[in-house]
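I have placed the structure first, in the form of structure tokens, so that the comments after it can refer back to it.
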Amino acid sequence: MKVYYIANARFPTERAHGVQMAKMIEALLQAGTDVTLVVPNRKTKSQSARDFYGLTRDIPTIRLPAIDIYKHGKIGFIIGSLTFMLSYLLFLLAKKISGETFVAYTIDMDQFSTIFVPLSGVRYFVEIHDSKNYGFIYNVLFKRTQGIITINNLIKANLVKNFALLEEKIIVHPNGIDLNFFKPRAINQEFKKKNGIQTDKKIVLYTGKFYEWKGLEVLVHAGALISKNAMLCIVGGTKEELQKITGLTIPDTVICTGQKDYKEMPEWNAIADALIVLGTKHNDYSYYYTSPMKLFEYMAMEKPIIAADTPAIRQIVTENEVTFYSPDDAEDLAKKISFVFENGDRVKAKTMHAEQAVKKFSWYERAQSVISFIQNRQQSVISFIQNRQ
Numbered sequence: 004m005k006v007y008y009i010a011n012a013r014f015p016t017e018r019a020h021g022v023q024m025a026k027m028i029e030a031l032l033q034a035g036t037d038v039t040l041v042v043p044n045r046k047t048k049s050q051s052a053r054d055f056y057g058l059t060r061d062i063p064t065i066r067l068p069a070i071d072i073y074k075h076g077k078i079g080f081i082i083g084s085l086t087f088m089l090s091y092l093l094f095l096l097a098k099k100i101s102g103e104t105f106v107a108y109t110i111d112m113d114q115f116s117t118i119f120v121p122l123s124g125v126r127y128f129v130e131i132h133d134s135k136n137y138g139f140i141y142n143v144l145f146k147r148t149q150g151i152i153t154i155n156n157l158i159k160a161n162l163v164k165n166f167a168l169l170e171e172k173i174i175v176h177p178n179g180i181d182l183n184f185f186k187p188r189a190i191n192q193e194f195k196k197k198n199g200i201q202t203d204k205k206i207v208l209y210t211g212k213f214y215e216w217k218g219l220e221v222l223v224h225a226g227a228l229i230s231k232n233a234m235l236c237i238v239g240g241t242k243e244e245l246q247k248i249t250g251l252t253i254p255d256t257v258i259c260t261g262q263k264d265y266k267e268m269p270e271w272n273a274i275a276d277a278l279i280v281l282g283t284k285h286n287d288y289s290y291y292y293t294s295p296m297k298l299f300e301y302m303a304m305e306k307p308i309i310a311a312d313t314p315a316i317r318q319i320v321t322e323n324e325v326t327f328y329s330p331d332d333a334e335d336l337a338k339k340i341s342f343v344f345e346n347g348d349r350v351k352a353k354t355m356h357a358e359q360a361v362k363k364f365s366w367y368e369r370a371q372s373v374i375s376f377i378q379n380r381q382q383s384v385i386s387f388i389q390n391r392q
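Quick note: the sequence shown uses my numbering, first residue 4, plus one each step.
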């Protein structure tokens with residue numbers, strides 16, 4: 004089966020959506036799917052996704068013409084996106100006219116760049132990572148697609164409600180994990196020394212880029228409350244960036260490493276004594292709809308996990324796998340950090356449960372599930388057409 008995966012995104016990119024795309028396409032290739040990524044021709048730090056993400060193979064990539072002014076404000080983003088949209092529309096039409104048999108697969112990188120896919124008249128599937136309110140663009144996109152892939156059940160429920168979609172048209176599969184890349188390992192003392200982590204204190208680690216919707220303030224406040232025998236290490240930005248986005252003074256118990264390469268994440272996770280997953284009530288995406296890849300990465304490392312008690316995270320884990328804290332409650336987060344360090348046996352049982360539970364969330368399992376869904380949906384459409392004749 005030939006698939007053209009269309010994404011209005013810089014690739015490779017240090018952002019999480021780049022990891023998600025790279026790992027998913029790698030898994031589709033491993034599962035035997037002939038997939039090619041189609042992206043705008045934008046300036047990137049590296050042209051090799053294999054090197055950038057530590058993949059086992061190259062990702063076939065077509066870079067279509069686009070005016071690369073995406074970073075020049077809203078107007079720049081719209082102009083850049085529209086030129087890419089025109090490019091991929093012509094690309095799909097040319098493939099269709101040539102008689103090539105294929106399926107288009109697209110993902111909601113923004114609010115409008117997918118709309119030219121249904122206009123091309125090709126068979127397509129769409130992956131959705133957030134709830135959508137009713138609107139013309141999404142109504143056309145969802146009505147004409149052969150199937151929708153979402154990352155949690157709450158998104159599916161809202162799509163069914165807001166767009167009057169049939170439930171069987173939607174499959175739910177959370178984001179995934181590369182179990183060969185993230186796995187238990189010994190602490191690399193040279194790695195710690197190289198990165199300036201020289202301490203005998205317990206290390207509580209958070210990894211992730213700094214965005215307002217993540218609720219990073221709770222980390223800063225909790226950092227001021229944790230035991231003197233512990234320190235909070237934040238991998239993903241500098242202290243200056245954290246102070247700017249939170250508007251808070253960063254205590255000495257919090258260290259920020261700056262942005263690090265994705266390939267280093269297993270080493271960072273390995274030096275931690277506990278790992279934190281955030282979630283905030285102040286942002287619907289964070290609270291209800293996210294499927295954080297870092298949660299799966301943490302689970303695979305056999306490390307204690309302290310996670311925000313949100314509906315989104317509850318779709319993946321229970322008290323059997325993680326220690327929950329109340330979202331946005333720094334005092335409760337600090338208490339749960341102490342709990343983890345004071346209850347070794349109970350917490351160890353959780354880490355073992357988590358390591359077993361994460362196995363069903365591999366990228367390969369996700370890819371196989373999506374492939375089966377695509378094949379079944381196409382057969383259903385063919386049968387429907389035949390029955391009407």
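Virtual Cβ for every residue (Gly too), placed ideally from N, Cα, C.
Of the listed residues the options, nearest to residue i (C-alpha basis)
i	options	result
THR148	TYR91, ASN165, TYR127	TYR127
ILE229	GLU170, ILE100, ASP335, LYS212	ASP335
SER116	LEU144, LYS99, ILE100	LEU144
ASP276	LEU169, LEU235, GLN371	LEU235
VAL280	ASN323, PHE327, ALA303, LEU251	PHE327
ASN232	LYS362, THR283, GLU358, VAL207	VAL207
SER90	LYS74, SER123, PRO63, LYS77	SER123
LYS99	SER375, VAL6, ASN142	VAL6
ASN142	ILE154, VAL125, LYS164	LYS164
LYS26	ARG66, ILE62, ASP203	ILE62
VAL175	HIS132, PHE139, TYR214, ASN136	HIS132
LYS46	ASP37, LEU31, ALA12	ALA12
ILE65	ILE340, ILE9, GLN382	ILE9
PHE55	ILE377, GLU17, PRO187	GLU17
For residue j and residue i, the rounded distance between their alpha carbons
i	j	result
GLN262	ALA352	32 angstroms
MET72	VAL42	Reading the sequence as shown, one finds Ile at residue 72 and not Met. C-alpha separation (whole angstroms): 15 angstroms.
ASN156	LEU298	17 angstroms
ASN286	LYS195	34 angstroms
ILE152	ALA315	16 angstroms
SER49	ALA19	16 angstroms
TYR290	VAL221	14 angstroms
PHE87	VAL120	12 angstroms
MET4	ILE110	19 angstroms
VAL129	LYS266	28 angstroms
LYS247	LYS212	13 angstroms
Where the alpha helix (DSSP H) containing residue i begins and where it ends
i	result
TYR301	296 to 303
THR354	347 to 360
LEU245	242 to 249
MET268	268 to 273
TYR119	As written in the sequence, residue 119 is Phe, which differs from the Tyr given in the question. Where PHE119 is concerned, the enclosing alpha helix (DSSP H) stretches over 119 to 122.
LEU222	220 to 226
ILE316	314 to 317
Extent of the continuous beta strand (DSSP E) run through residue i
i	result
TYR108	106 to 110
THR326	326 to 328
TYR8	5 to 9
PHE128	127 to 131
VAL320	From DSSP, VAL320 is part of no beta strand (DSSP E); its letter is neither H nor E.
ILE237	233 to 238
ALA311	308 to 311
Any non-hydrogen atom of the ligand ADP closer than 7 angstroms to residue i Cβ
i	result
GLY218	Only the bare structure without any ligand can be found here, which leaves the ligand ADP out of the picture.
Residue ranges of each alpha helix (DSSP H) within the segment 148 to 209, 4 or longer: 156 to 166, 192 to 197
Whole runs of the beta strand (DSSP E) within the segment 29 to 100, excluding any shorter than 3 residues: 37 to 43, 64 to 67
Sufficient close CB pairs (3 or more, under 8 angstroms) joining the segment 307 to 323 to the segment 243 to 259: no
Cβ pair count under 8 angstroms reaching 3, the segment 263 to 275 against the segment 299 to 309: yes
Stretch-stretch touch, CB-based, cutoff 8 angstroms, three pairs: the segment 171 to 190 with the segment 347 to 366: yes
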